[in-house]
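Residue numbers (my numbering): 13 to 306. We treat Cβ as the ideally placed atom computed from N, Cα and C, and that holds for glycine.
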């Protein structure tokens with residue numbers, strides 16, 4: 013009998029959830045940066061193994077809400093976990109268990125779902141540091157398994173794939189084999205731009221950045237995809253930083269994002285990139301809806 017199910021990847025910010033998803037898919041879908049709270053929406057990625065199908069959900073990091081956007085992100089993460097068939101709960105091997113981790117333990121105890129505990133970044137952790145984490149975690153929940161991994165180095169990731177498919181419920185595939193995600197090309201393009209802003213300006217411009225693809229259309233005569241996108245910031249000073257002297261930084265962001273888009277979409281892209289100031293947009297429900305956070 014074939015197997016199929018939803019698998020939520022949950023954890024506090026910056027534990028490596030998106031890196032884990034990208035590894036399991038064998039292709040980059042979810043953006044990654046060294047800055048916490050990079051993932052803002054639940055991102056669905058689909059992979060197949062023969063007649064079996066795993067539908068992964070990369071969720072926003074769970075933390076104390078500071079503004080309306082945070083509340084949206086935490087609600088998305090908890091909602092995804094509650095509706096999943098299997099949960100991958102990710103802890104950071106390089107840090108002590110935090111309040112956010114304990115909140116998640118409380119939730120999975122409420123959900124009573126099959127859960128695999130992943131202790132990520134073991135390549136950067138000292139072995140004596142791992143044992144107390146494993147011992148403490150095993151007392152807090154009856155996990156299907158506890159696996160120390162490194163998503164960046166591929167340590168024990170093949171074992172993780174095997175365990176995931178073994179623990180899926182019986183069922184036929186919900187998506188065709190060729191479908192990779194439920195997200196639109198506009199969403200993927202916007203995320204690629206936001207990733208480059210965080211990559212180049214991760215110290216100067218924090219997470220007050222959002223991207224909206226205003227227009228995306230095929231120009232068949234020129235065999236090119238035209239994308240018009242706007243980068244939102246909260247202060248004029250942030251706009252100046254993103255544009256840079258003589259527009260150099262904005263040009264660099266656009267060039268690297270365009271290369272990633274062309275690789276992902278498999279076609280030429282013309283990227284028309286703008287920056288606008290929307291004061292305190294993270295607390296503005298109207299702007300959040302416009303940006304897709306609703």
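### DSSP beta-bridge partners of residue 64
Walking along the chain shown from the start, residue 64 turns up at place 52. Answer is 61.
### Task
Drop a sphere of 10 angstroms on the beta-carbon of residue 17, count the other beta-carbons inside from all chains shown, and report buried for 16 or more, exposed for fewer.
Here residue 17 refers to the residue found at position 5 when the chain shown is read from its first residue. Counting Cβ neighbours within 10 Å, residue 17 comes out buried, since at least 16 surround it.
### Query
Which residues does DSSP pair with residue 162 in a beta bridge?
Taking the first residue of the chain shown as 1, we reach residue 162 at position 150. According to DSSP, which records beta bridges pairwise, residue 162 is partnered with 167.
### Residue environment, residue 108, which counts as buried when at least 16 other CB atoms sit within 10 Å
Along the chain shown, one-based indexing puts residue 108 at 96. Classification for residue 108: exposed.
### Option in 126, 190, 193 with minimal Cα separation from residue 95
On the chain shown, residue 95 is found 83 positions in, with the first residue counted as 1. Checked all of 126, 190, 193; the closest Cα to residue 95 is 126.
### 7 Å Cβ shell around residue 137 - same chain, five flanking residues per side excluded
Walking along the chain shown from the start, residue 137 turns up at place 125. Once the five neighbours on either side are set aside, the close Cβ partners of residue 137 are 105, 106.
### Query
Near residue 230, which residues of its chain fall below 6 Å by C-beta distance, leaving aside the five closest residues on each side in sequence?
Mapped onto the chain shown, residue 230 falls at position 218. Result list for residue 230: 237, in chain order.
### Task
For the stretch 169-183 and the stretch 26-42, state whether three or more C-beta atom pairs, one from each stretch, are separated by less than 8 Å.
yes
### Task
Kindly indicate which residue of 24, 29, 64 has the alpha-carbon position closest to the one of residue 185.
Position 173 of the chain shown, counted from the start, is the residue given in the question as residue 185. Out of 24, 29, 64, 64 has the C-alpha closest to the C-alpha of residue 185.
### Task
Return the CA-CA distance between residue 243 and residue 255, expressed in angstroms with no decimal places.
Residue 243 sits at position 231 when you count from the first residue of the chain shown. Residue 255 sits at position 243 when you count from the first residue of the chain shown. Looking at the two C-alpha atoms, the distance is approximately 10 Å.
### Task
Assuming residue 155 contacts residue 128 (C-beta within less than 8 Å), just tell me the rounded distance between them.
Taking the first residue of the chain shown as position 1, residue 155 is located at position 143. Taking the first residue of the chain shown as position 1, residue 128 is located at position 116. Confirmed, about 6 Å.
### Query
Would you call residue 140 buried or exposed, if buried means 16 or more other Cβ atoms sit within 10 Å of its Cβ?
The count along the chain shown starts at 1 and reaches residue 140 at position 128. So residue 140 counts as exposed.
### Message
Which same chain residues end up closer than 6 Å to residue 224 when comparing Cβ atoms and leaving out the 5 residues on each side of it in sequence?
### Response
Here residue 224 refers to the residue found at position 212 when the chain shown is read from its first residue. Around residue 224: 242, 303.
### Task
Determine, using beta carbons only, whether residue 21 and residue 59 come nearer to each other than 9 Å.
Reading the chain shown from its first residue, position 9 is the one you call residue 21. Reading the chain shown from its first residue, position 47 is the one you call residue 59. No, Cβ-Cβ distance for residue 21 and residue 59 is not below 9 Å.
### Task
Alpha carbon to alpha carbon, how far is residue 296 from residue 142? Give it in angstroms, no decimals.
Residue mapping note: residue 142 aligns to position 130 of the chain shown, counting from 1. Residue mapping note: residue 296 aligns to position 284 of the chain shown, counting from 1. Cα to Cα, the separation comes out at about 42 Å.
### Task
Let me know the secondary structure DSSP gives residue 150 once reduced to three states.
Here residue 150 refers to the residue found at position 138 when the chain shown is read from its first residue. In this structure, residue 150 counts as helix in the three-state DSSP scheme.
### Query
So residue 125 is in the beta strand (DSSP E); what residue range does that whole segment cover?
Position 113 of the chain shown holds residue 125. It is not in any beta strand (DSSP E) - residue 125 carries neither H nor E in the DSSP assignment.
### Query
For residue 209, which option in 275, 265, 272 has the closest C-alpha, if you only look at C-alpha atoms?
Here the question's residue 209 lines up with position 197 in the chain shown. Residue 265 is the option with its Cα nearest to residue 209.
### Message
Quick check: the Cα distance between residue 299 and residue 164, rounded to an integer number of angstroms?
### Response
Taking the chain shown and counting its residues from 1, one reaches residue 299 at position 287. Taking the chain shown and counting its residues from 1, one reaches residue 164 at position 152. If I take the Cα positions, the gap works out to 35 Å.
#### Entry: Rounded straight-line distance, which links the Cα of residue 261 to that of residue 276
Here residue 276 corresponds to residue number 264 of the chain shown, with the count starting at 1. Here residue 261 corresponds to residue number 249 of the chain shown, with the count starting at 1. Between residue 276 and residue 261, the C-alpha separation is close to 23 Å.
### Message
DSSP three-state label for residue 35, please.
### Response
Your numbering for residue 35 matches position 23 in the chain shown. Helix, per DSSP.
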